[in-house]
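Numbering (the numbering used here), first residue to last: -3 to 782.
Here's what the structure looks like:
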């Protein structure tokens, strides 16, 4: 009766209500946060097996651009203790790359290179393979921009290269060894302290005669880039274009290491500089009174001969233009302008035919002949530079075309007659072509004063070994005048002859009288005959002409009594008479009087009293100038004195002339090594009748006498001989060596009647008088250059 009656109903109601509410909230929150962080840190690492290590080794393909350095394939993840052996896989390498890859260095050049790698470790072996691909890189060749003067030959085009790698050199063909990089020397071996060998002793065990050989330099070690083919650059316009253009590569090289890319250059054309300080001249003209004029003003001007103004720019042996010598001529023009020189006469052709060949013509191997080509363009361009310079400093030029007539010797079998009048001959065609070339280039140039043909051709006619007759000269001169006149329309410049003073027997030589002296009437008649169409008659006047006439007569007599005398024999006659004249002039004048060459007063009788050739004072110069003016007006021409000089022949200068210098060279008197010896020159001169005894005052008196005679007669133009810029600077006494292997020992010529080369002050006295005379004219004609 005491036990509760409700027990079965309580137990089920309590157990379910407590258990779910506690267990889920505690267990999950603690257990996950501790177990993961502790267990990994304490688990011990398990060593890789050799098989697993070998499996980690990789040998990957590599692809790169060429960089001028060695590149090679190597395995990665190589285990410690493992060894790898590389082997070239020629079967899988690119074409032509077999044997190029170096197992030690690798390779530089582009291509596909396959290599096998065999890895050994603890008896295990693994074979791998990979490919190295090197691609070409880009090389840029940028053609440089250039500027040139109008009508000038194109300059040599240049370029700039960017993108060369390593030690590469851009060179077409096999690179010379001197251009290759030099390998770095091996480091010197360190000598242990105390182990040095005392000086002079030989280390033990070494043979003093055995020298260790240096390892020869092997260019292939550097594996430099190779460039093949040609690089030819060309402008899009020719040299005569008046507008610019581009410069491109018409032939391009290739390379085993580079893809070559070009960028064009530009060619800019600069206009010719032909500005005249004094205004455009239009040349020298003739008015209705047969007077020479400039811009309408009657002139009485003085100038100089500058024979090698143009020829001085060439080396006759190599045929090349020497820029230093071009600059020398340009400086000469500047110096002459500072002395107010109005006009310059110069040789616009080469003296000898071999100089034409060397300096003006290109040799054609196919035809074994000389042809006109690039050299001619370059030579004419040099003349352009001189014309432009003369114009810029206010000097007029008188180009004497064909100073000599040696161009006919360019063509085998042809004669002087062919050159002048045979229209079917090659030498005639060349002569006409060259004159037209000059006309095309310079006829409208403001520095051109007149055209002149030849130098002293009248002296060679009717007696010379070349067979030139006055008939041939007259016919040839008429053809030339017609050629010039056709280009002269609109300009009306005077046309000059270039002749010397006529021979005393010029008329009689032409008309069968031999060496009989001409009368004054005959003189004026032959002057007209020799100058058909010439509007400015030239004469070359030097002192002591009476002596020269005596010498000519003695030589003519010698020819009659001796069969074919040599030039040396005739020169000996001239030397003997000059020596007599300078030692005892009265005795020689007595002989002249006895033979009727001069009258009792010493006046030369060849042309009667009206034409006096003695020229010892102002009266004789006035008569000579007046005779030239009167005679030329008789056939409606004006005149000028193309050469004029004192005639004091110095020992130094006479030896520059071919015939005297040859004699000296044969005797070994004047050349010591490569230098001229002035002392020996003077010795030779004294022995042969040439004395350097004229003083500065002698020179100045003569030039002043010329100026006074010119003013008294109105002679239009006097051109003194000679102005050689290089020769007038103490040439014989300095240390300059002979620059040309020609007859004269320097680049000037025929200075026999020039001022002394070793007395520059005497040369300056000529220019001083030129300046005084021309300054006076300028002052009297203030509007001449408007």
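Cβ coordinates follow ideal geometry from the N, Cα and C atoms, glycine included.
Rounded C-beta distance between residue i and residue j? I'm assuming under 8 Å.
{"i": "residue 391", "j": "residue 329", "result": "6 Å"}
{"i": "residue 306", "j": "residue 379", "result": "5 Å"}
{"i": "residue 251", "j": "residue 221", "result": "6 Å"}
{"i": "residue 162", "j": "residue 64", "result": "2 Å"}
{"i": "residue 130", "j": "residue 106", "result": "5 Å"}
{"i": "residue 139", "j": "residue 223", "result": "16 Å between Cβ atoms; not a contact."}
{"i": "residue 511", "j": "residue 549", "result": "7 Å"}
{"i": "residue 66", "j": "residue 103", "result": "7 Å"}
{"i": "residue 530", "j": "residue 493", "result": "5 Å"}
{"i": "residue 458", "j": "residue 505", "result": "4 Å"}
{"i": "residue 396", "j": "residue 448", "result": "5 Å"}
{"i": "residue 561", "j": "residue 473", "result": "Going by Cβ atoms, the distance from residue 561 to residue 473 rounds to 30 Å, so no, they are not a contact pair."}
Taking 7 Å as the limit between beta carbons, can you name the residues of its chain near residue i, skipping five residues before and five after?
{"i": "residue 118", "result": "46"}
{"i": "residue 663", "result": "Summary for residue 663: the model assigns pLDDT 41, below 50, so the residue's position carries little reliability; its value from the coordinates is reported in the next sentence. There are no such residues."}
{"i": "residue 175", "result": "165, 167"}
{"i": "residue 414", "result": "404, 421, 423, 424"}
{"i": "residue 267", "result": "146"}
{"i": "residue 618", "result": "705, 708, 709"}
{"i": "residue 22", "result": "The predicted model places residue 22 with a pLDDT of 42, which falls under 50 and marks its position as unreliable, so this point remains unresolved."}
{"i": "residue 333", "result": "389, 390, 391"}
In the DSSP assignment, find the beta strand (DSSP E) that holds residue i and state where it starts and stops.
{"i": "residue 108", "result": "107 to 117"}
{"i": "residue 263", "result": "261 to 266"}
{"i": "residue 341", "result": "339 to 343"}
{"i": "residue 504", "result": "First-last for residue 504: 502 to 506, but that is the alpha helix (DSSP H), not the beta strand (DSSP E)."}
{"i": "residue 475", "result": "Taken as a continuous stretch (DSSP letters only), residue 475 belongs to no beta strand (DSSP E), being part of the alpha helix (DSSP H) at 466 to 484."}
{"i": "residue 297", "result": "297 to 301"}
{"i": "residue 447", "result": "447 to 449"}
{"i": "residue 136", "result": "133 to 139"}
{"i": "residue 787", "result": "Not covered by the structure: residue 787. The range shown for the chain is -3 to 782."}
{"i": "residue 825", "result": "A question about residue 825 goes unanswered here, because the residues of the chain that appear run from -3 up to 782."}
{"i": "residue 144", "result": "142 to 145"}
{"i": "residue 292", "result": "Per DSSP, residue 292 belongs to no beta strand (DSSP E) and is neither H nor E."}
{"i": "residue 222", "result": "Looking at the DSSP string, residue 222 is not in any beta strand (DSSP E), and its letter there is neither H nor E."}
{"i": "residue 639", "result": "634 to 641"}
{"i": "residue 245", "result": "241 to 247"}
Using C-beta distances below 6 Å, list every residue in its chain close to residue i, excluding the 5 sequence neighbours before and after it, in chain order.
{"i": "residue 24", "result": "Its pLDDT being 46, under 50, residue 24 is placed unreliably by the model, and nothing is read from it."}
{"i": "residue 244", "result": "260"}
{"i": "residue 128", "result": "58, 69, 109"}
{"i": "residue 283", "result": "289"}
{"i": "residue 778", "result": "none"}
{"i": "residue 621", "result": "705, 709, 711"}
{"i": "residue 518", "result": "503"}
The alpha helix (DSSP H) spanning residue i covers which residue range?
{"i": "residue 518", "result": "516 to 525"}
{"i": "residue 586", "result": "581 to 591"}
{"i": "residue 170", "result": "Run containing residue 170: none; DSSP gives neither H nor E here."}
{"i": "residue 529", "result": "From DSSP, residue 529 is part of no alpha helix (DSSP H); its letter is neither H nor E."}
{"i": "residue 49", "result": "46 to 52"}
{"i": "residue 329", "result": "319 to 334"}
Using a threshold of 8 Å, state whether the C-beta atoms of residue i and residue j are closer than that.
{"i": "residue 769", "j": "residue 293", "result": "no"}
{"i": "residue 339", "j": "residue 715", "result": "yes"}
{"i": "residue 502", "j": "residue 451", "result": "no"}
{"i": "residue 398", "j": "residue 427", "result": "yes"}
{"i": "residue 110", "j": "residue 89", "result": "yes"}
{"i": "residue 537", "j": "residue 569", "result": "no"}
{"i": "residue 532", "j": "residue 633", "result": "yes"}
{"i": "residue 712", "j": "residue 635", "result": "yes"}
{"i": "residue 710", "j": "residue 296", "result": "yes"}
{"i": "residue 55", "j": "residue 124", "result": "yes"}
{"i": "residue 479", "j": "residue 431", "result": "yes"}
{"i": "residue 53", "j": "residue 71", "result": "yes"}
{"i": "residue 281", "j": "residue 489", "result": "yes"}
{"i": "residue 699", "j": "residue 765", "result": "yes"}
{"i": "residue 142", "j": "residue 151", "result": "yes"}
{"i": "residue 763", "j": "residue 487", "result": "no"}
{"i": "residue 468", "j": "residue 522", "result": "no"}
Is residue i near the ligand COA, judged by its Cβ being under 7 Å from some heavy atom?
{"i": "residue 240", "result": "The ligand COA is absent from the structure shown, which contains no ligands of any kind."}
To which residues of the same chain is residue i closer than 8 Å at the C-beta, ignoring the five residues directly before and after it?
{"i": "residue 383", "result": "270, 393, 438, 441, 443, 444"}
{"i": "residue 301", "result": "340, 341, 342, 638, 639, 715, 716, 717, 718, 719"}
Chain B beta carbons: is any one of them nearer than 8 Å to that of residue i?
{"i": "residue 713", "result": "The structure shown contains no chain B, having only a single protein chain."}
Can you list, in chain order, the stretches of the alpha helix (DSSP H) that have 4 or more residues and sit fully within the region 355 to 431? Every unbroken stretch of the alpha helix (DSSP H) spanning 4 or more residues and falling wholly within the region 355 to 431 is given here in chain order: 370 to 389, 412 to 417.
Quick one: complete beta strand (DSSP E) runs, 3+ long, within the region 59 to 84? Counting only unbroken stretches of 3 or more residues, the beta strand (DSSP E) elements lying wholly within the region 59 to 84 are 79 to 84, in sequence order.
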